[in-house]
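Count along the sequence shown from 1, then add 2; that gives the number in the working numbering.
Here's the structure we're looking at; comments come further down.
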Amino acid sequence: MQFTEKVRSGFSSRAVFDSRYDCPLMEKFAAAPDSVLRDSGHVLKHDRTTTVAKIDDDDLAWVVKRYNTKNAWHAIRRTLRRSRALNCWEMSGQFLAAGIPVPAPIGYMEKTLGPLRGRSYFLYEYIDAQDLLSYVKTGKEPDGFDIVLQEIIALFTAFRTSGINHGDMKATNILVEADRRLKLLDLDAARKTGHTEAFERGYSRDRARFLKNWQNDPDLQDRFDSVLPR
3 MQFTEKVRSG
13 FSSRAVFDSR
23 YDCPLMEKFA
33 AAPDSVLRDS
43 GHVLKHDRTT
53 TVAKIDDDDL
63 AWVVKRYNTK
73 NAWHAIRRTL
83 RRSRALNCWE
93 MSGQFLAAGI
103 PVPAPIGYME
113 KTLGPLRGRS
123 YFLYEYIDAQ
133 DLLSYVKTGK
143 EPDGFDIVLQ
153 EIIALFTAFR
163 TSGINHGDMK
173 ATNILVEADR
183 RLKLLDLDAA
193 RKTGHTEAFE
203 RGYSRDRARF
213 LKNWQNDPDL
223 QDRFDSVLPR
């Protein structure tokens, strides 16, 4: 990513973010992320493993994805593993370098106890857009849908060209902006591998998962299946 990383590191946490986003809100977040989520966040999604919230502050609009631990055993297993927030941060850079559109990454933070990792957070710019499933359900106008279709083809073509797998191609992880351009969310399971067989397995899963979104609309499913690169 073409920017200067700013790092705040201590015994109990490590925060890395794009220095262009250095501001009082970032200072607050780096000092007490859960307090910012509680006081300034509007929860968009919450379950046992993640909390996603929009944070508004003056003219700023960010999304924070916090990775929760389901129980004590889950927390212990995560302590020595690479955090999902770090994977999202690094893969955002890989996606953008490959020309695959994702929301602008802002930074990530990990709670730490020495070398052990705890709860983690990934931040990115908020985008006011419909997800692809909602876009299709609310009525796809012919001209607009043709643009979206070409964007989806370009997306899968870029996967093939770059050797990147997304890992969770649910329609709700694809945003459709007002100009019908797309942005991909949820890079938790994304990866780039230099092994052709591993990529092909991942690509087949991505393609199959995308087509599964339309299992209740066979005509649309067949249309996607006929145009997406194999």
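Each residue gets a CB set at the ideal place from its N, CA and C atoms; glycine is no exception.
What you are looking at is a predicted structure, and each value in this text was computed from that prediction instead of being measured.
Query raised in the report: Exposed or buried, which one is A87 when buried takes at least 16 other CB atoms within 10 Å?
Result: Numbered from its first residue, the sequence shown carries residue 87 at position 85. So A87 ends up on the buried side.
Query raised in the report: When you compare only the Cα positions, how much space is there between I149 and R182?
Result: As a working mapping, residue 149 is identified with position 147 in the sequence shown. As a working mapping, residue 182 is identified with position 180 in the sequence shown. Each residue's CA atom was taken as its position, placing I149 and R182 some 6 Å apart.
Query raised in the report: Under the three-state reduction of DSSP, which class applies to V18: helix, strand or coil?
Result: On the sequence shown, position 16 is the one that residue 18 refers to. Three-state result, V18: strand.
Query raised in the report: What's the call for F19, buried or exposed, on a 16-neighbour Cβ count within 10 Å?
Result: For the purposes of this step, residue 19 is taken as the residue at position 17 of the sequence shown. F19 counts as buried, since no fewer than 16 other beta carbons sit within 10 angstroms of its beta carbon.
Report task. Whole angstroms is fine: what's the gap from A74's alpha carbon to F147's? Result -> Here the question's residue 74 lines up with position 72 in the sequence shown. Here the question's residue 147 lines up with position 145 in the sequence shown. Any reading at A74 needs caution, since the residue's pLDDT is 48, under 50, leaving its predicted position unreliable; the model's value is listed next. About 46 Å.
Requested in this report: Give the secondary structure of A74 by DSSP, where H, G and I count as helix, E and B as strand, and everything else as coil.
Outcome: Counting from 1 along the sequence shown, the entry for residue 74 is found at position 72. In this prediction, A74 scores a pLDDT of 48, lower than 50, which makes its location untrustworthy; no coordinate-derived value is stated.
**Report entry** Among K194, F5, L134, nearest to L213 - alpha-carbon criterion
**Finding:** For the purposes of this step, residue 213 is taken as the residue at position 211 of the sequence shown. The option with the nearest alpha carbon to L213 is L134.
**Report entry** Range of the contiguous alpha helix (DSSP H) that encloses P26
**Finding:** For the purposes of this step, residue 26 is identified with residue 24 of the sequence shown, where counting begins at 1. From DSSP, the alpha helix (DSSP H) with P26 extends over 26-33.
Report task. State yes or no: is the C-beta of V66 within less than 8 Å of the C-beta of A131? Result -> Looking up residue 66 in the sequence shown gives position 64. Looking up residue 131 in the sequence shown gives position 129. No, Cβ-Cβ distance for V66 and A131 is not below 8 Å.
Query raised in the report: Does the ligand MG have a heavy atom nearer than 7 Å to the CB of I155?
Result: Absence of the ligand MG is noted for the structure shown, with no ligands found whatsoever.
Query - Bridge-paired residues (DSSP) for W64 - result: The count along the sequence shown starts at 1 and reaches residue 64 at position 62. According to DSSP, which records beta bridges pairwise, W64 is partnered with I57, E127.
**Report entry** For F161, the nearest candidate out of T114, R50, N218, P103 (CA to CA)
**Finding:** Numbered from 1 along the sequence shown, position 159 holds the residue referred to as residue 161. Of the listed residues, the one whose Cα sits closest to F161 is P103.
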